[in-house]
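Number of protein chains: 2
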Amino acid sequence: MNAAMPQQRPAPFERAAIIAVGSELLTPLRIDTNSLYITEQLNTLGIEVVFKGVVGDDRAELAHLVRSALERAGLIVLCGGLGPTDDDVTREVVADVLQRKLHERQEITERLRQRFAARGWQMPEINRRQAMVPEGADPIDNPNGTAPGLWIEHGDRVVLLLPGPPRELKPMLRGLVESRLQSRAAMTTLRRRIIRITGRTESHTEEAVQPLYAAWAAAAVPISATILAAFGQIELHLSARAETPEAAESALDRAAEQVRAVLGRDAYSTDGRALEEVVGDLLLARGWRIGVAESCTGGLITSRLTDVAGSSRYVDRSVVSYSNDAKTEMLGVPAALIAEHGAVSEPVAVAMAEGIRVSARLEVGIGVTGIAGPGGGTPEKPVGTVCVAVITPEASRVRTVRFMGEREQDKFQASQAALDMVRRMIATS
Amino acid sequence: MNAAMPQQRPAPFERAAIIAVGSELLTPLRIDTNSLYITEQLNTLGIEVVFKGVVGDDRAELAHLVRSALERAGLIVLCGGLGPTDDDVTREVVADVLQRKLHERQEITERLRQRFAARGWQMPEINRRQAMVPEGADPIDNPNGTAPGLWIEHGDRVVLLLPGPPRELKPMLRGLVESRLQSRAAMTTLRRRIIRITGRTESHTEEAVQPLYAAWAAAAVPISATILAAFGQIELHLSARAETPEAAESALDRAAEQVRAVLGRDAYSTDGRALEEVVGDLLLARGWRIGVAESCTGGLITSRLTDVAGSSRYVDRSVVSYSNDAKTEMLGVPAALIAEHGAVSEPVAVAMAEGIRVSARLEVGIGVTGIAGPGGGTPEKPVGTVCVAVITPEASRVRTVRFMGEREQDKFQASQAALDMVRRMIATS
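Chains A and B, in that order, give the protein sequences.
Taken in order, the first sequence gives residues 1 to 429; the numbers are from the working numbering.
Taken in order, the second sequence gives residues 1001 to 1429; the numbers are from the working numbering.
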């Protein structure tokens, strides 16, 4: 305490709790994913999430949880339950726990009426509930929906109510992170970095990276690391807490550089880019265009490539040749080749890659053929067998891999294998 | 209380809380999904989940949460934090909260040593922590890993500790559901059903279905309902609690039938099937094969169709014609047509659908062309504009829609619009 200080800066937030409200989130069918985005945003301000909870549209349970969170965190973020109907209880429960009355704000009601009127509708009276604001709370404008957010200061705590739909929640939270949340955050920042790795198991990755850990822990800006196995890749998650974003980022840059030195080309991304983005950037750098002849992946490889904005600069065309006729007619794969080796074979994969590449006058062709399952396997070629071929102006490669997952998992892993083969063949450094 | 009862059956569980333990689950990068499986299994016994929580490897937070859960639920399921290392705190914290001492069980240590020995390794001494069992607790064998589960009775409560890895957790829980959990569950079962809907907003669905609610609530087997908006569709979730699974299922059957009568063809699935499965079944019933000419969806429609096992019976081939040349060369779309109307236009979508259908001698052709964004929009054709055409032996249809999401969301919505158009055109009832 310093009595000479002209004005007291409120205690900074260091610990946050996130509460998701909605009975559907307690069924086997839905999961709260908003908390991931909220965590990411709070972490940029150095605010750590110490607890996440999910409750249904149940006043008693929600009240219990809000009370409990108020004991343990400086910032409590609630999402969901701000709709106009009876089972939207968040506003009322929070007002009750904080012992504040709710009052209708005429300017919000008016804005809601205009919102409905702009669509030629009359506002249902029930929507007036969304204009109810606890005493002393600040409503937060919601350009993408009817439910305003609410910012409520309670002693040195802040309770923040956000609407559940991601397209309403995200811009609202982003705005707060750049304004009121930032000014209440601690003077440190927590930054994370994902390094994505192919061609190694979890333990081979650990073996290679572990010697770096001791120096990371002892550094001026300490780095902590976790290794996680995901489908078709390994992820190394690094985090750094520092006084400025720049200090945290540059410590992460250095650590990522060390990892790259140790793992070489197996570390395909140190900046969060997905494999399809890395491949796209490599194609752009070469000025090459790509075409894909897909069988068992059913269009997934091309769909992933075209998930990237600007991919029309290098994706020209693709063919999903599910039937043998399609392979012959659209890609020029000789029927005799299919008869001799089978549709799932390395020669057919190569002919597919060459077929799309030559017919479309492209630099890079991919051919993928396999047995997606659950039916169609044989003792020699069991379900999950996939042949992948890639042809570039410089080289041609083909390999057979076998996946052991379920249909959709195998499709993803096959797409991962194909994109990774392209990456390794055209990477220049 | 009935003193004449020969033995007291313990109070049945009706309410469960699930606690996931692990610091990685409080980052933006990982989410607890075990709770979905746990919920599904508990629901089959009529046990409802009233609360889910996530905490890091933090003794104080976990202890707080366990205490709080003990006040509110008959069954507390914890998962994760049973490993051998220092940051695996679940065993110790639970023993502490329940005020029980931990003792090493020699038979568990012995089993762990054998497990390691079978792989030619010596057990690290640290693994003895996994043989520590709170007084009065029953260890549960884990054939797929080193961490045994723990079943702890505490008054009329049960605290259940499960390992975090799904391949260890799932068989362990399944075993309990068939034995100890079943015998402690209420004599009811809770079953759920999802009805999937297109062509209506959330509120139009509510309007149509609401008149059914009163009768559902008053029925011998009451049905409760929730409406949820998902991308490109609306979901109506029904749940029924009954004394037998058969009674619950037949009440859900009746309710689903009523919904179908009210919503007509807008309710595309009352049995959990995804849209691509419904379309596949309709194609099979007609004996028709399908081909897709995709531009902005980049292969996603075909990838969704081929996510379904057995789809090779009706998916023949598809083309991703990202460039104008590809549309002309592979689908025979006249260059003049593109020049006159633009690549994103209804005539081009129709020509694409007809191109794939005729060249491949298929019954059904889809053509989709649009502006995926974020670049490429114009005032007349803004980002998100998509033209969808479907041609069958019976009819031809084309429409222009506009989506307002981000690139991947628009791709999904466009694929949804195309598949739904096919469904409506070939549905016979």
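Glycine included, each C-beta is placed from N, C-alpha and C at the ideal position.
Computed from a predicted structure; not experimentally measured.
{"Check": "Bridge partner(s) assigned by DSSP for glutamate 235 of chain A", "Outcome": "A/Arg196 and A/Leu228"}
{"Check": "Rounded C-alpha distance that separates glutamate 1235 of chain B from phenylalanine 1412 of chain B", "Outcome": "16 Å"}
{"Check": "Near-chain B residues of the segment 297 to 314 of chain A - C-beta to any C-beta below 8 Å", "Outcome": "Thr297, Gly298, Gly299, Leu300, Ile301, Thr302, Ser303, Leu305, Thr306, Asp307, Ala309, Gly310, Ser311 and Ser312"}
{"Check": "Residues of its chain near valine 1401 of chain B, where Cβ-Cβ distance is below 6 Å and the 5 sequence neighbours each way are ignored", "Outcome": "Val1386 and Ala1417"}
{"Check": "As assigned by DSSP and simplified to three states, the class of tyrosine 268 of chain A", "Outcome": "strand"}
{"Check": "Run of the alpha helix (DSSP H) containing arginine 361 of chain A, from where it starts to where it stops", "Outcome": "Segment: none, arginine 361 of chain A is in no alpha helix (DSSP H) and carries neither H nor E."}
{"Check": "Any chain A beta carbon closer than 8 Å to arginine 1317 of chain B", "Outcome": "yes"}
{"Check": "Distance, threonine 188 of chain A Cα to arginine 254 of chain A Cα", "Outcome": "19 Å"}
{"Check": "Sufficient close CB pairs (3 or more, under 8 Å) joining the segment 288 to 296 of chain A to the segment 257 to 276 of chain A", "Outcome": "no"}
{"Check": "Proximity test, Cβ basis, 8 Å: arginine 1407 of chain B and chain A", "Outcome": "yes"}
{"Check": "Buried versus exposed, by CB contacts within 10 Å (16 or more), arginine 304 of chain A", "Outcome": "buried"}
{"Check": "Leucine 1026 of chain B beta carbon less than 8 Å from that of threonine 39 of chain A", "Outcome": "yes"}
{"Check": "Neighbourhood of glutamine 1233 of chain B by C-beta distance below 7 Å, restricted to the same chain and skipping five residues each side", "Outcome": "Arg1196, Ile1197, Thr1198 and Gln1416"}
{"Check": "Proximal chain A residues relative to leucine 1036 of chain B, where beta-carbon distance stays under 9 Å", "Outcome": "Thr27, Pro28, Leu29, Arg30 and Ile31"}
{"Check": "Within-8 Å CB hit, isoleucine 194 of chain A to chain B", "Outcome": "yes"}
{"Check": "Listed by chain order, chain B residues near histidine 64 of chain A by CB distance under 9 Å", "Outcome": "Phe1051, Ser1068, Glu1071 and Arg1072"}
{"Check": "Short CB-CB distance (under 8 Å) between asparagine 2 of chain A and chain B", "Outcome": "Unreliable placement is indicated for asparagine 2 of chain A, whose pLDDT of 36 sits below 50; the coordinate value is still reported in the next sentence. False, the Cβ-Cβ gap to chain B never drops below 8 Å."}
{"Check": "8 Å Cβ shell around lysine 1381 of chain B - same chain, five flanking residues per side excluded", "Outcome": "Gly1342, Val1344 and Ile1371"}
{"Check": "Chain B contact for proline 374 of chain A (CB, 8 Å cutoff)", "Outcome": "yes"}
{"Check": "Short CB-CB distance (under 8 Å) between histidine 1204 of chain B and chain C", "Outcome": "Reference to chain C is not applicable here, since the protein chains of this structure are A and B."}
{"Check": "Contact list for serine 23 of chain A against chain B, beta-carbon separation under 7 Å", "Outcome": "Thr1226"}
{"Check": "Same chain, Cβ closer than 7 Å to glycine 1355 of chain B, neighbours up to 5 away in sequence not counted", "Outcome": "Ala1293, Leu1331, Gly1332 and Val1333"}
{"Check": "Contact list for the segment 316 to 349 of chain A against chain B, Cβ threshold 8 Å", "Outcome": "Asp316, Arg317, Ser318, Val319, Val320, Ser321, Tyr322, Ser323, Asp325, Ala326, Glu329 and Met330"}
{"Check": "Chain-ordered chain B contacts of glycine 56 of chain A [CB-CB under 8 Å]", "Outcome": "Val1050"}
{"Check": "Stretch-stretch touch, CB-based, cutoff 8 Å, three pairs: the segment 1165 to 1175 of chain B with the segment 1200 to 1219 of chain B", "Outcome": "no"}
{"Check": "Residue of A/Gly384, A/Arg192, A/Ala389 and A/Ala225 minimising C-alpha distance to glutamate 206 of chain A", "Outcome": "A/Ala225"}
{"Check": "For leucine 282 of chain A, three-class secondary structure by DSSP", "Outcome": "helix"}
{"Check": "Spatially closest choice to glycine 1155 of chain B from B/Leu1181, B/Leu1075 and B/Ser1312, by CA coordinates", "Outcome": "B/Leu1075"}
{"Check": "Contact set between threonine 39 of chain A and chain B, taken where Cβ atoms lie within less than 8 Å", "Outcome": "Leu1026, Thr1027 and Pro1028"}
{"Check": "Environment of threonine 297 of chain A [buried if 16+ CB atoms lie within 10 Å]", "Outcome": "buried"}
{"Check": "Beta-carbon proximity check, tyrosine 314 of chain A vs leucine 283 of chain A, cutoff 8 Å", "Outcome": "yes"}
{"Check": "Below-8 Å beta-carbon distance, alanine 214 of chain A vs any chain B residue", "Outcome": "no"}
{"Check": "For tryptophan 216 of chain A, three-class secondary structure by DSSP", "Outcome": "helix"}
{"Check": "Residues, ordered as in the chain, of the segment 1231 to 1243 of chain B that lie near chain A by beta-carbon distance below 7 Å", "Outcome": "His1237"}
{"Check": "Chain-order list of residues whose beta-carbon lies under 6 Å from that of proline 84 of chain A (same chain, five-residue window excluded)", "Outcome": "Ile126, Asn127, Arg129 and Gln130"}
{"Check": "Spatially closest choice to glycine 1384 of chain B from B/Met1404, B/Arg1399, B/Ala1395 and B/Arg1423, by CA coordinates", "Outcome": "B/Met1404"}
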